[in-house]
Amino acid sequence: MQVKELPAIQGQKRLVVVFGSGEEMTRGLADLAKTRSISGAHFTGIGALRAAMLGFFDIALREYRRFGIDEQVEVLSLIGNIALEDGQPRIHAHIVLGRFNGATLGGHLLEAHVRPTLEVVLVETPPALRRRFDPATGLALLDLSDPPR
Numbered sequence: 001m002q003v004k005e006l007p008a009i010q011g012q013k014r015l016v017v018v019f020g021s022g023e024e025m026t027r028g029l030a031d032l033a034k035t036r037s038i039s040g041a042h043f044t045g046i047g048a049l050r051a052a053m054l055g056f057f058d059i060a061l062r063e064y065r066r067f068g069i070d071e072q073v074e075v076l077s078l079i080g081n082i083a084l085e086d087g088q089p090r091i092h093a094h095i096v097l098g099r100f101n102g103a104t105l106g107g108h109l110l111e112a113h114v115r116p117t118l119e120v121v122l123v124e125t126p127p128a129l130r131r132r133f134d135p136a137t138g139l140a141l142l143d144l145s146d147p148p149r
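Under this note's numbering, think of the first position of the sequence shown as 1, with each following residue one higher.
Here you go:
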């Protein structure tokens, strides 16, 4: 993974992150957030993958129904955010993948195995973002209330 910091705009730090073949994006982005003490950010990306694991949240079961793709695909759209959950950075991303015949597949991104490259632009949000468990849905949702003092 290569990382380059761009000039900040209105106090927001910007990074370009380039993943290479064989790297796993979600783990790499979480590790980068830990290393650089990023507690809130949003990101977009394009590139290609050799395999991915996606999910669709089944509200009735309160869990992700997982489905994978194990073929070369184009990343047509990758969008997500980073927020702290229990003090650790958590990646929340959605992705649309393009297959060789133009068909698409999309959902919540659980794993992304890069080949040959994935280019991500990350913009840090100065205040920390936090996730808190919501018993009604069974999900850790963004909590925008003021943090406890």
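Just so it is clear, CB atoms sit at the ideal spot from N, CA and C, and this is done for glycine as well.
Same chain, Cβ closer than 8 Å to residue i, neighbours up to 5 away in sequence not counted
i	result
residue 90	30, 82, 83, 84, 131 and 140
residue 114	19, 20, 21, 22, 23, 24, 25, 47, 48, 49 and 50
residue 1	17, 18, 19, 20, 23, 28 and 32
residue 164	Given a span of 1 to 149 for the chain in the structure shown, any question on residue 164 remains unanswerable.
Distance, residue j Cα to residue i Cα
i	j	result
residue 63	residue 57	6 Å
residue 107	residue 94	6 Å
residue 74	residue 54	14 Å
residue 66	residue 76	20 Å
residue 123	residue 78	14 Å
residue 4	residue 17	7 Å
residue 145	residue 39	16 Å
residue 134	residue 100	39 Å
residue 11	residue 35	20 Å
residue 8	residue 61	42 Å
residue 14	residue 6	5 Å
residue 121	residue 112	16 Å
residue 86	residue 52	26 Å
residue 71	residue 37	34 Å
residue 127	residue 116	34 Å
Anticipated Cβ contact below 8 Å, residue i with residue j, distance rounded
i	j	result
residue 45	residue 119	6 Å
residue 137	residue 69	Incorrect: roughly 26 Å between the Cβ atoms, too far for contact.
residue 102	residue 92	Their Cβ separation, rounded to whole angstroms, is 28 Å, which puts residue 102 and residue 92 out of contact at 8 Å.
residue 104	residue 110	That belief does not hold up - the Cβ atoms of residue 104 and residue 110 are roughly 18 Å apart, past 8 Å.
Same chain only: Cβ atoms within 7 Å of residue i, ignoring 5 sequence neighbours per side
i	result
residue 142	83, 129 and 131
Beta-carbon contacts of residue i that lie in its chain and below 6 Å, excluding the five residues immediately before and after
i	result
residue 33	82 and 89
Could you tell me which whole beta strand (DSSP E) segments of length 3 or greater appear in the segment 54-100? 63-69, 73-85 and 88-98
For the segment 4-35, which segments carrying the alpha helix (DSSP H) assignment without a break, of at least 4 residues, lie completely within its bounds, in sequence order? 25-35
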